[in-house]
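In case it helps, numbering that gives the first Met the number 0 puts the sequence shown at residues 0 to 575.
First the structure, in the form of structure tokens, and then the observations on it.
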Amino acid sequence: MNNPTFLDAAKKRAGRVKSVHDHLNRAGDLPRVLGVVDLTFLGLGSILGAGVYVLSGVTASSVAGPSVVLSFLIASLAALFAALCYAEFAVELPVTGGAFNYISVTFGEAAAWSTAWNMILETLLSSSAVARGFSGYLATLLGRQPADFLVSPLDLDFLAAGLIVALTAVLSRGTKQSSVFNIVVCSINLSCIAFILVAGLPQAEPSNLEPFFPYGTRGTFAAASIIFFAFVGFDYIANAAEEASDPRRGLPIGIIASLGIATLLYVLMATTLVMMVPAAQVDVHAPFSAAFAARGVHWAAKIVSCGALAGIITSTMTGLLSQARLFVVLGRERLLPAALAHVHPITNCPLVATLVTGGCAAVLALLLDINILAELVSVGTLYVFYAVCAGTYFWRCHLPGTTRPQPALARLGALTLSSLCLSISFTYRAPGFLLAVFSIAWICAAAAMCTLRSQRTPARFAVPVFPATSILGILFTIHLLCSLGWPAYVRFLVWMVLGSVVYALYGAKSAEAHEIELKLVAQQQQLQVQLEQQEGEGDIQLVGRTLSSLDPEGPIGRAQDEDKRWLLRGDAEASA
0 MNNPTFLDAA KKRAGRVKSV HDHLNRAGDL PRVLGVVDLT FLGLGSILGA
50 GVYVLSGVTA SSVAGPSVVL SFLIASLAAL FAALCYAEFA VELPVTGGAF
100 NYISVTFGEA AAWSTAWNMI LETLLSSSAV ARGFSGYLAT LLGRQPADFL
150 VSPLDLDFLA AGLIVALTAV LSRGTKQSSV FNIVVCSINL SCIAFILVAG
200 LPQAEPSNLE PFFPYGTRGT FAAASIIFFA FVGFDYIANA AEEASDPRRG
250 LPIGIIASLG IATLLYVLMA TTLVMMVPAA QVDVHAPFSA AFAARGVHWA
300 AKIVSCGALA GIITSTMTGL LSQARLFVVL GRERLLPAAL AHVHPITNCP
350 LVATLVTGGC AAVLALLLDI NILAELVSVG TLYVFYAVCA GTYFWRCHLP
400 GTTRPQPALA RLGALTLSSL CLSISFTYRA PGFLLAVFSI AWICAAAAMC
450 TLRSQRTPAR FAVPVFPATS ILGILFTIHL LCSLGWPAYV RFLVWMVLGS
500 VVYALYGAKS AEAHEIELKL VAQQQQLQVQ LEQQEGEGDI QLVGRTLSSL
550 DPEGPIGRAQ DEDKRWLLRG DAEASA
């Protein structure tokens, strides 16, 4: 059989939808060792990075004022819609790879590849960017300047690269060992946050909350758009679903609990900050350290730095773990080299994928100031969240072989377009009549989504208030996309074109060749089974002939003589 060309393979496979059975059959190489506590801390370790210590200051000082407390609640609500969609899919499809698998069983391989391509932005680039902050907080802790740890003239950050190498070594020891390390370091971070709350709340002054909306409600929503990315990380739990000891219970609890705990801590920290210091006087770069210094507690800066360092370590490590699992599933599907799917027989971890992830992240952290790509990472993350929310609706409302996909796709298209128009008109202050028109259009599209009957009812965990959860998740993610600057979209387009080239030139052809190979192996196995069955029947006939020869007057011999007479009589009648 001839191997397909890359164009033939890309055209053939682009819309090919995998079944849940296909993914489950190829899974099972990774040990199920992560309990509810492990999964919850995996989410907390990724969400509660260094940003927890600076994000409140950035948004309170010049974007939302004291209403930043509401901004955190709005952002967490937007994240919750996506998190619930992730939880339903993760329980239905508890294999490594997260959103890639979910889109593979709904919209096909090309859409799944584009999702995975953007997940690389979220995990690999963001891990490298977070690691670049390690030297700055370490310098503060040691009373030095961040520039002291950079090597001129290229500002090489060997500390960031060294941190990634060390964390890669930890991950290579095994999943359970990595989880224990994450829990210990994350607990240090939580202890530092607890100190800030316990020491800061008694010094709070309610009068600092006035005025509560200095920048209006629009400023509150603008801050929520910035804050939303502080909640990214719960999806890392879905990437490690194959290693959950009890996926049905552990995955939804881990995703929702980590998001809920992080929301509570963010809101309490923001409240503490804006009540300790008037919003206009909040220090943007070191808000909590400056707030304690204003109260005469200068040594508190050391506690904040320790917490930030712990947050950087856990956020970087969970990102590396998540990216390695994504490489595993792409290796299994042969969209990337098969070696990435190899699991070490002793440590039971995906060693090759872990080393490749660590090597790439270390080089990026060493050479590049990846903060210039921050908005590109944001676009990629929101694209993945949108795909999962849309995929949940399509998964529920379309059943292959029973319903046509067009009704669900048409409704998703209408909701996406109306959400886009509504978000653009709100973000760029369009005239009121346009805002009203697009609002009505969005309501009509949302109502149409509700008219389509659900074809599936998940037996384990179902998104509550369906399809409202998916509808609002799509609206929020599109609104956040519209809040980003145009250079981010240009970079995103370039990234997507690059991903399409990789898929067309390598991924599709490799996956098609692998599928042909699997079919040939399956045919050979089926043929082998048939041959064994035939040989077994032949052995029975041989035994019968042997017994009849030994005892021609016995029951077996008489039965075979009767069969011969019946056949001879039939032949005679046929010739007559």
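Beta carbons: idealized from backbone N, C-alpha and C, even for Gly.
Rounded to whole angstroms, what is the Cα-Cα separation between residue i and residue j?
i           : j           : result
residue 395 : residue 308 : 42 Å
residue 156 : residue 138 : 13 Å
residue 620 : residue 303 : Residue 620 falls outside the range modelled here, since the chain spans only 0 to 575, and no answer is possible.
residue 143 : residue 301 : 12 Å
residue 480 : residue 116 : 18 Å
residue 548 : residue 521 : For residue 548, the predicted structure reports a pLDDT of 49, less than 50, and the residue's modelled location is therefore unreliable. A value from the coordinates is still provided. About 41 Å.
residue 235 : residue 257 : 11 Å
residue 312 : residue 133 : 8 Å
residue 261 : residue 377 : 19 Å
residue 174 : residue 238 : 13 Å
residue 305 : residue 140 : 7 Å
residue 532 : residue 455 : 40 Å
residue 96  : residue 328 : 6 Å
residue 16  : residue 474 : 26 Å
residue 180 : residue 163 : 14 Å
residue 14  : residue 233 : 28 Å
residue 517 : residue 24  : 12 Å
residue 468 : residue 462 : 7 Å
residue 519 : residue 102 : 27 Å
residue 530 : residue 511 : 29 Å
residue 542 : residue 528 : With a pLDDT of 48 at residue 542, under the threshold of 50, the modelled position of that residue is not reliable, and the figure given next carries that caveat. Straight-line Cα distance between these residues: approximately 21 Å.
residue 219 : residue 390 : 30 Å
residue 108 : residue 12  : 7 Å
If you check the beta carbons only, do residue i and residue j fall under 8 Å apart?
i           : j           : result
residue 214 : residue 56  : no
residue 81  : residue 388 : yes
residue 392 : residue 407 : yes
residue 577 : residue 199 : Absent from the structure is residue 577, since the part of the chain shown begins at 0 and ends at 575.
residue 290 : residue 54  : no
residue 424 : residue 416 : no
residue 177 : residue 170 : yes
residue 476 : residue 384 : yes
residue 128 : residue 292 : no
residue 465 : residue 482 : no
residue 364 : residue 110 : no
residue 77  : residue 212 : no
residue 19  : residue 268 : no
residue 459 : residue 90  : yes
residue 344 : residue 93  : no
residue 167 : residue 310 : no
residue 472 : residue 45  : no
residue 58  : residue 225 : yes
residue 265 : residue 71  : yes
residue 68  : residue 273 : yes
residue 360 : residue 275 : no
residue 118 : residue 98  : yes
residue 607 : residue 375 : Nothing about residue 607 can be reported from this structure: the residues present for the chain run from 0 to 575 only.
residue 33  : residue 244 : yes
residue 334 : residue 506 : yes
residue 513 : residue 422 : no
residue 346 : residue 172 : yes
residue 195 : residue 287 : yes
residue 222 : residue 35  : no
What is the residue span of the alpha helix (DSSP H) that residue i lies within?
i           : result
residue 37  : 35–46
residue 331 : 299–331
residue 101 : 98–103
residue 175 : 174–199
residue 498 : 485–501
residue 413 : 405–426
residue 471 : 467–481
residue 356 : 350–366
residue 209 : Per DSSP, residue 209 belongs to no alpha helix (DSSP H) and is neither H nor E.
residue 458 : First-last for residue 458: undefined, no H or E at that position.
Checking the sheet assignment: what are the DSSP bridge partners for residue i?
i           : result
residue 150 : 155
residue 243 : 33
Do three or more CB pairs link the region 340–356 to the region 433–446 at distances below 8 Å? no
Determine, using beta-carbon pairs with one atom in the region 245–253 and one in the region 81–100, whether at least three such pairs fall under 8 Å. yes
Is the region 273–287 close to the region 480–499, with three or more CB pairs under 8 Å? no
Should the region 340–350 be regarded as contacting the region 25–38, the criterion being three or more beta carbon pairs within less than 8 Å? yes
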